[in-house]
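The block underneath contains the structure these notes are about, expressed in structure tokens.
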Amino acid sequence: MADPRLRMLIAAAVGLVTLVASPTFAAEGGDDTTHRFYVRAGAAGFFYLPALTVRSGGNDIPGADASLSPNFTPVFELGVFPFSGLGLLDDLSVSLTVGFPPEATVDGAGSLASSGTIGKARYGPSVLSAHYHFRHLPIVHPYVGAGFTYVIIFSTEDGALKDLHVDPAFGAVFQTGVDVPIDGHWGLYADAKLALLSLDVTGTLNGAPTTANLPLNPIIVTLGGSYRF
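In this text, residue positions in the sequence shown follow our numbering: the first is 8, and each later residue adds one.
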């Protein structure tokens with residue numbers, strides 16, 4: 008079952024779109040195809056779908072698993088429509104999204120449940136993606152896209168796994184969302200991304216050299232505001 012906080016964010020996104028799509032706001036919205044650049048700022052929730060493979064002392068640990076609580080952090084995005092005025096490519100944009108570095112806490116689950124917290128890492132999320140916007144639709148402008156993410160590890164904190172080290176990683180991203188123009192420049196947006204992201208981890212567990220692979224595969228839900236120029 009989905010995390011209750013994820014359900015609340017999705018419900019908030021639906022409510023945001025419903026509110027702004029009301030007749031009062033619709034009169035102020037409209038076509039925003041004359042603006043080539045945009046910036047966005049919002050609050051993002053990272054909801055992880057983790058799995059864990061652990062090898063310690065030369066042997067796999069059967070039944071090892073992990074759990075991560077959601078992270079919430081501010082995110083910022085800069086985008087451009089590089090092919091503005093070129094027909095079918097007119098509504099294709101490219102954007103870079105970065106987030107304030109959150110701290111992820113990895114707890115043991117399955118056969119590692121008794122280990123408690125395995126470790127913590129503070130990381131910098133970033134996404135470079137291309138997306139196609141349906142900007143000629145009235146009131147709301149949905150979009151779909153894909154790209155990649157790069158995660159930088161700024162710091163780690165040992166738990167059950169000592170001498171913890173986490174490698175930075177690349178991953179694929181798929182996204183969808185909706186823009187809701189309020190006037191010629193300002194708007195609101197709701198965005199959801201699925202990042203296929205896996206981290207390689209090393210350290211020592213109970214004194215034995217240990218390696219682990221931790222697929223996170225976060226669902227990233229963002230609500231915020233935008234400015235087009």
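Yeah, the Cβ is synthetic: ideal placement off N, Cα and C, and Gly gets one too.
Residue range of the beta strand (DSSP E) that includes residue i
| i | result |
| --- | --- |
| tyrosine 234 | 226-235 |
| alanine 48 | 44-54 |
| threonine 211 | 205-212 |
Per DSSP, cross-strand counterpart(s) of residue i
| i | result |
| --- | --- |
| serine 100 | His138 |
| proline 188 | Gly194 |
| serine 63 | Asn66 and Thr217 |
| leucine 75 | Val113 |
| threonine 41 | Beta-bridge pairing links threonine 41 to no other residue. |
| alanine 81 | Note on residue identity: the sequence assigns proline, not alanine, to residue 81. Ala50, per the DSSP bridge assignment. |
Same chain, Cβ closer than 6 Å to residue i, neighbours up to 5 away in sequence not counted
| i | result |
| --- | --- |
| arginine 235 | Asp39, His42, Tyr45 and His192 |
| alanine 71 | Leu59, Val61, Gly117, Ser118 and Leu119 |
| proline 227 | One detail in the question is off: residue 227 reads as isoleucine in this sequence, not proline. Ala51, Phe53 and Lys200, listed in sequence order. |
| threonine 218 | Arg62 and Thr209 |
| aspartate 186 | His148, Gly194 and Tyr196 |
| leucine 171 | Gly126, Thr163, Asp165 and Gly210 |
Proximity below 8 Å, CB of residue i to CB of residue j
| i | j | result |
| --- | --- | --- |
| threonine 126 | glutamate 164 | Position check: residue 126 holds glycine in this sequence, whereas threonine was assumed. In this structure, glutamate 164 lies closer than 8 Å to glycine 126 by Cβ. |
| phenylalanine 181 | alanine 137 | no |
| serine 205 | proline 225 | no |
Close-in-space but distant-in-sequence residues of the same chain around residue i (CB under 8 Å, 5 per side omitted)
| i | result |
| --- | --- |
| phenylalanine 79 | Ala50, Ala51, Gly52, Phe53 and Pro109 |
| lysine 169 | Gly210, Thr211 and Leu212 |
Same chain, Cβ closer than 7 Å to residue i, five either side skipped, listed in chain order
| i | result |
| --- | --- |
| alanine 33 | Below a pLDDT of 50, predicted positions are generally treated as unreliable, and alanine 33, at 42, falls in that range; no measurement from the model is reported. |
| aspartate 198 | Gln182, Gly184 and Thr229 |
| valine 173 | Ala128, Ile160, Thr163, Leu206 and Val208 |
Quick one: complete beta strand (DSSP E) runs, 3+ long, within the stretch 105-136? 110-117
Ignoring anything shorter than 3 residues or poking outside the stretch 138-163, list the beta strand (DSSP E) runs there in chain order. none
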